[in-house]
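Worksheet: one structure, shown below.
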Ligand SMILES: [Ca+2]
Ligand SMILES: [Ca+2]
């Protein structure tokens, strides 16, 4: 895969500087399946919360720009603590019908300031990226998480 790995700290600093602080309203009990995934714009900071240990949130972005784009995502807890550890998985569905299937991003936490991140994947036109946010076993928290999402020209 065409993947460039940079450090999570670098991703975080870039995302914080590159985007307006537009935080979505906190919505619980939604986006529980990939079919019901929350659509993402080309750059967005989403603030959501899981409602239970078994809750998951799905988000998606379809590349309708007509050109290949880099994408990245970083998952952070607004209030890191000693037990919170959410994970971020991703799936890329390509227009020819192929799919990566669910792929984990590098895990960080609890207590880590590094986010779970998807770093600068190339997404061709008409492909869709699905993101899945979920709590590791025993790591559920009612606190809000933030998902930084961005796209960039190649
Ligand atoms: Ca949900
Ligand atoms: Ca994690």
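In mature numbering (1 follows the signal peptide of the UniProt record, and there is no 0), the protein residues as written are -20 to -1, 1 to 134.
Glycine included, C-beta positions come from ideal geometry on N, C-alpha and C.
- request: With DSSP as the reference, label residue 44 as helix, strand or coil.
  value: coil
message: For ligand 1, I want to know if residue 190 counts as a neighbour, meaning its beta carbon is within less than 8 Å of at least one of the ligand's heavy atoms.
response: No answer is possible for residue 190: the residues shown for the chain start at -20 and end at 134.
task: Evaluate residue 19 with the Cβ neighbour count: other Cβ atoms within 10 Å of its Cβ, from every protein chain shown; 16 or more gives buried, anything less gives exposed.
output: exposed
query: Does any heavy atom of ligand 1 sit closer than 8 Å to the C-beta of residue 57?
result: no
message: Comparing C-alpha positions only, which one of 132, 125, 133, 129 sits nearest to residue 27?
response: 125
- prompt: On the premise that residue 30 lies in contact with residue 70, defined as a C-beta separation below 8 Å, what is that separation, rounded to the nearest angstrom?
  reply: Contact flag wrong, Cβ pair sits at about 17 Å.
message: Using only the alpha-carbon positions, how far apart do residue 117 and residue 123 sit?
response: 16 Å
message: Could you check if residue 128 belongs to the surroundings of ligand 2, using beta carbon to heavy atom distance under 8 Å?
response: no
- prompt: Between the Cα of residue 109 and the Cα atoms of 33, 34, 57, 48, which residue gives the shortest distance?
  reply: 48
- prompt: Does the beta-carbon distance from residue 65 to residue 90 come in below 9 Å?
  reply: yes
- prompt: From the DSSP output, which residues share a beta bridge with residue 27?
  reply: 126
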